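J.:
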Amino acid sequence: LHISGENDVVQVVGGWSHTLLLMSNGRLFIMGRKVGTGLEEDTSNSVEIKIPANSNINSVDSGRAHNIMLTDNGKVYAWGSNIFGQLGLGDMIPRKEPILLANVGDLKEKMVIHEIACGADFTAAISDNGVFTWGCGKKGSLGHGDEKDQHAPKRVKNLNSEMSGIACGAHHMLVWTRDEVAYSWGLNDSGQLGLGHHDTIFVPTVLLSLSKTVQIISAACGAAHTLVTTFDKLGSGSKTWAFGSNCQGQIALENTGPAACYLEPTIVPSLTGGLAIQEVACGSVHSLARSDRGDVFASGSNICGQLGIDTRSKSFINRFTIVPILKGKSVRGIACNGMQSYVMCPKKWLKDEDVLECMSCGLGFSFLRRRHHCRNCCGIFCNECSSNKIALLSLKLSTPQRVCDACHSQLKAVNEATASPKSPQSEPDMEELSINFVIAKPAS
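The numbering of the sequence shown is this note's numbering, which starts it at 624 and goes up by one.
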């Protein structure tokens, strides 16, 4: 996916059939099926979401078909499907644009939200007043002691410590406190709660093996599995733990198949050996991990190419394996949804051999359809999609430079509103311009 222009993607999240892109200038874009986007029709093109006035977005998240947005002043907005009350607006009416949650349920107007997360059909939020959940209560996913749906935010009892993080799966949750105590609850048919048994849990329960001696760096929940990366306070460095289903290798432990379930946190062997894992992400039945060097490792189902690895004869991998096409890309962020994966990379001058087709029209390169680099976004395009030249004033290049059509349209408007260009200077380092967004796909 090519993101043109000077503004960069700072966060990407996906629902089951739609995607949200949060840009560095605060703009928010969405694409995918209308059931999740709130648009009138399905679209593969990014469409800008109208943001309420005087609102600066801090983060976003998506469930199966609903979306949540957190502003920098701690306010929460929601839109999309609402069949279970997952928008938290006190009803079951879907919304086509972001609506503020204010004075609904236990969430009072003056409360400041610090973090948000979405399960398949439910939502969770952390504030100084505790943890709040709402939406589908199936299998105890909300932590209120029952399976009732909640159409408005409800505070989860017995979570009185200051919370540090939260992760949601299809029907289970994991939260952890600043004093290093982890809790889990919800569906546990595959051991995804890490409590040593298969029983579904309806209230927060302490995850003893990941409490007090380790600090959680990153955690993620899939359909029936959980990954947690920790830093050991005893001095043994970072470790990645996995529990739950390994039916298709999504947690990369020894056994696979329908009965392969790990009921307690187990260290992932293929993420040891000096790898300093900084971030993990879970799809339905696949997982990603990112190291401090910017390498990305993938394991699990690859039936839709979601691992970014050419497995050909195999439908899954049971080992975290480096994604070849991302070597040297210094990946700065990863994300997964149901059957897709996303990575964020520094924008830089791409190698010709890494791009086989135009990043705009999608047509393959040939002797007649040659490659051309856009001097603004660093992508590679055919001559028909990059025939314009324009001054790159933000890079202090007043001499017209060849750019792609999308960048040309944006830069033309900016340049017309900018003062006279200054004298040309030496070109900047193209390796460190900004951040771009790439969808991982099988190497060719």
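Glycine is no exception: its CB is placed at the ideal position from the N, C-alpha and C atoms. Model, not experiment: these values are computed from the prediction.
1) Drop a sphere of 10 angstroms on the beta-carbon of residue 1045, count the other beta-carbons inside from all chains shown, and report buried for 16 or more, exposed for fewer.
2) Return the chain-ordered ranges of every beta strand (DSSP E) run that is complete within the region 895-948 and spans a minimum of 3 residues.
3) Can you tell me whether residue 676 is buried or exposed, with buried defined as 16 or more other CB within 10 angstroms of its CB?
4) Between the alpha carbons of residue 1009 and residue 976, how many angstroms are there, rounded?
5) Would you identify the three-state DSSP class for residue 872, choosing helix, strand or coil?
6) In terms of residues, what are the limits of the alpha helix (DSSP H) holding residue 657?
7) Around the C-beta of residue 687, are 16 or more other C-beta atoms found within 10 angstroms, so that it is buried, or is it exposed?
8) Skipping 5 residues on each side, what residues in its chain have a beta carbon closer than 8 angstroms to that of residue 881?
9) Does the region 665-684 come within contact of the region 719-732, defined as at least 3 CB pairs closer than 8 angstroms?
10) How should residue 902 be labelled, buried or exposed, when 16 other C-beta atoms within 10 angstroms of its C-beta is the threshold for buried?
11) Rounded to whole angstroms, how far is the Cβ of residue 853 from the Cβ of residue 873, which I believe are closer than 8 angstroms?
12) Between residue 733 and the rest of its own chain, which residues show a CB-CB distance below 7 angstroms, the 5 nearest in sequence each way excluded?
13) Going by Cα to Cα distance, which pick from 905, 899, 855, 861 is closest to residue 875?
14) Considering just the uninterrupted stretch of the beta strand (DSSP E) at residue 848, what are its terminal residues?
15) Is the region 791-798 close to the region 754-769, with three or more CB pairs under 8 angstroms?
16) What does a CB cutoff of less than 7 angstroms around residue 750 pick up in its chain, not counting 5 residues either side in sequence?
17) With DSSP collapsed to three states, give me the class of residue 867.
18) Can you list, in chain order, the residues of its chain with a C-beta nearer than 6 angstroms to that of residue 848? Leave out the 5 residues immediately preceding and following it.
19) Starting from residue 684, trace the beta strand (DSSP E) both ways and give me its first and last residue.
T.: To lay it out plainly:
1) Because residue 1045 sits at a pLDDT of 43, beneath the cut-off of 50, its placement in the model cannot be relied upon, and the following sentence gives the value as read from the coordinates. Exposed is the call here.
2) If we require 3 residues or more, the beta strand (DSSP E) runs fully inside the region 895-948 come out as 900-905, 909-914, 919-924, 939-945.
3) By the Cβ neighbour-count rule, residue 676 is exposed, with fewer than 16 other Cβ atoms within 10 Å of its own.
4) Approximately 18 angstroms between the Cα atoms of the pair.
5) The answer is coil: DSSP assigns residue 872 none of H, G, I, E or B.
6) Segment 657-660, the alpha helix (DSSP H) holding residue 657.
7) Label assigned to residue 687: buried.
8) Only 870 meet the Cβ criterion.
9) Yes: at least three Cβ pairs fall under 8 angstroms.
10) When all chains shown are included, residue 902 counts as buried.
11) No, residue 853 and residue 873 are not in contact; Cβ-Cβ is about 19 angstroms, not under 8 angstroms.
12) Here the set comprises nothing.
13) Selected option, being the one with the closest Cα: 905.
14) Going by DSSP, residue 848 is part of the beta strand (DSSP E) stretching over 848-855.
15) Short answer: they touch.
16) Answer for residue 750: 734, 735, 736, 737, listed in chain order.
17) In the three-state DSSP reduction, residue 867 falls in the strand class (E or B).
18) Around residue 848: 815, 867, 868, 873, 874.
19) Its beta strand (DSSP E) spans residues 680-685.
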